[in-house]
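Okay, so here's the structure we're looking at.
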């Protein structure tokens with residue numbers, strides 16, 4: 001009796017494992033079929049469509065479903081992030097490692113930018129006026145009238161050139177935080193604006209500035225770099241790098257979409273099906 005009961009227990013135990021494995025295989029096969037359907041979509045839709053196991057009400061669904069990640073509701077996004085990062089101390093690093101593993105698996109090299117500037121000078125032409133009158137309406141009218149009379153009589157006003165940035169050379173290495181220090185009014189903001197290609201057109205700029213060997217006239221620098229003002233409202237819980245990265249993304253700088261497109265293309269060539277959660281996260285943050 002004991003031997004027969006043991007045999008029945010073994011059969012029921014292994015039978016349970018077999019049914020569990022078959023269910024898992026069916027779910028994997030269903031996910032592969034849905035992923036194959038995503039790969040057949042046009043490029044624009046493919047970058048916005050992913051698989052998620054959360055229903056429309058923000059609850060865990062029984063299986064994966066295809067969704068447009070740009071149309072996820074607040075409850076769905078909240079549950080999805082909670083699923084990815086349950087413990088901040090451990091899951092945050094684990095998520096970053098998963099992102100790195102996906103990119104490294106298909107040998108995609110992340111783009112980097114090296115900024116070089118040589119003999120960079122920024123000058124401003126200022127009109128010299130006698131004294132400094134109060135900014136009243138009468139003084140403004142008098143100054144405007146004198147300016148019109150001076151132009152009509154072809155009298156050149158006295159001008160002076162002020163050197164804001166003078167003969168600066170250097171290299172900003174990629175993937176590094178570079179700290180720029182200096183007293184107030186020494187030209188730090190003007191220097192950063194010159195590197196970002198956002199200087200006022202009235203200023204005179206000389207010297208060379210290049211991104212990976214390309215001069216500012218050869219491309220649109222605003223798509224590669226961004227200037228973040230010190231007057232922006234920052235989130236105190238974010239680090240300096242996170243704050244700068246977030247502000248730059250808000251200004252349209254970065255190449256996340258191009259990276260994801262290249263990763264997806266190589267995965268399709270190699271027949272690799274990515275982790276649905278990682279794929280959804282990468283498409284959400286584009």
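Residue numbers (the UniProt record's numbering): 1 to 286.
Quick reminder that beta carbons are idealized off the backbone N, C-alpha and C, glycines included.
Taking one beta carbon from each stretch, the segment 170-183 and the segment 137-147 have fewer than 3 pairs nearer than 8 Å; the two do not touch.
When the Cα atoms are used, residue 282 and residue 122 turn out to be separated by approximately 40 Å. For residue 124, the pairing in a beta bridge is given by DSSP as 162. Minimum Cα-Cα distance from residue 207 among the listed residues 147, 219 and 119 corresponds to 119.
For residue 43, the enclosing alpha helix (DSSP H) starts and ends at 43-46. Secondary structure of residue 229 (DSSP, three-state): coil. Burial of residue 211 is indicated by the presence of at least 16 other C-beta atoms within 10 angstroms of its C-beta. Using a C-beta cut-off of 8 Å, the segment 83-91 makes no contact with the segment 241-258, since fewer than three inter-stretch Cβ pairs fall below that distance. By the C-beta density criterion, residue 193 is buried, having at least 16 other C-beta atoms within 10 angstroms. Only residues of its own chain outside the window of five on either side were considered, and among them 91, 95, 277 and 281 have a CB closer than 8 Å to the CB of residue 84, listed in chain order. Taking 8 Å as the cut-off, the Cβ atoms of residue 46 and residue 68 do not count as close. In this structure residue 224 is buried. Its beta-carbon is surrounded by 16 or more other beta-carbon atoms within 10 angstroms. Apart from the 5 residues on each side of it in sequence, residue 124 sits with its Cβ closer than 8 Å to the Cβ of 161, 162, 164, 202, 203 and 204 in its chain, given in chain order. Residue 186 and residue 146 have their alpha carbons spaced roughly 33 Å apart. With distances taken between CA atoms, residue 221 lies nearest to 113 out of 30, 34 and 113. Here the alpha carbon of residue 30 sits roughly 42 Å from the alpha carbon of residue 235. Judged by DSSP in its simplified three-state form, residue 169 adopts strand.
Under DSSP, residue 50 shares a beta bridge with 67. Here residue 81 is exposed: its Cβ has fewer than 16 other Cβ atoms, across all protein chains shown, within 10 Å.
In the DSSP assignment, residue 176 falls outside any beta strand (DSSP E) and carries neither an H nor an E.
Here DSSP, grouped into helix, strand and coil, assigns residue 255 to coil.
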